[in-house]
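Reading through the structure tokens given below for one structure.
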Amino acid sequence: MADKGNDPAVIWQTMIGEMEKGFNSFANQAMASPEFSRVMNQVGGVSAGAQKQLGELMEKYLLAMNLPSRAQMVGMAERIQSIEGQLNEIKALLQQVHHNSLAPEGGYGTPRPPRTKRPPSEGEQK
Numbered sequence: 001m002a003d004k005g006n007d008p009a010v011i012w013q014t015m016i017g018e019m020e021k022g023f024n025s026f027a028n029q030a031m032a033s034p035e036f037s038r039v040m041n042q043v044g045g046v047s048a049g050a051q052k053q054l055g056e057l058m059e060k061y062l063l064a065m066n067l068p069s070r071a072q073m074v075g076m077a078e079r080i081q082s083i084e085g086q087l088n089e090i091k092a093l094l095q096q097v098h099h100n101s102l103a104p105e106g107g108y109g110t111p112r113p114p115r116t117k118r119p120p121s122e123g124e125q126k
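Following the numbering used here, the numbering of the sequence shown begins with 1 at its first residue and continues without gaps.
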């Protein structure tokens, strides 16, 4: 086997390890400073403001082009889902009513209306 001191992979690994240690110590020192925290806070605030302005600009652009905005599309999708749910309920009720109308109470033929006239008893006249 080759000597570990002359192995290029071991030398490369050692060099990368030392570079990582140096970078980590530098980053830790930078992040510990209050200036770093202030700068990162400002960058986050600028980014959020830019994103809000871009959203407002896109909404105005879509309005000018007579196109729906994202919020309007989400609203339409929610209404369509609600309508589809109601249609499914109506469909189920119609199927139930149709199924009940096909099954006669007597078990066969078309259902007959209830008999309301009674035959005369033996002592009565017609």
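Each residue gets a CB set at the ideal place from its N, CA and C atoms; glycine is no exception. Note that the coordinates shown come from a computational prediction; the quantities given were computed from them, not determined experimentally.
- Taking the Cβ atoms as the reference, E84 lies roughly 23 Å from S69, outside the contact range of under 8 Å.
- Taking the CA atoms as reference points, S25 sits about 33 Å from Q51.
- Cβ atoms of F36 and A30 come within 8 Å of each other, at about 5 Å.
- If you draw a straight line from the Cα of L63 to the Cα of A48, it is about 23 Å long.
- R79 sits in a helix when the DSSP states are folded into three classes.
- R118 and N88 have their alpha carbons spaced roughly 45 Å apart.
- Straight through space, the alpha carbons of Q42 and E20 are spaced by roughly 28 Å.
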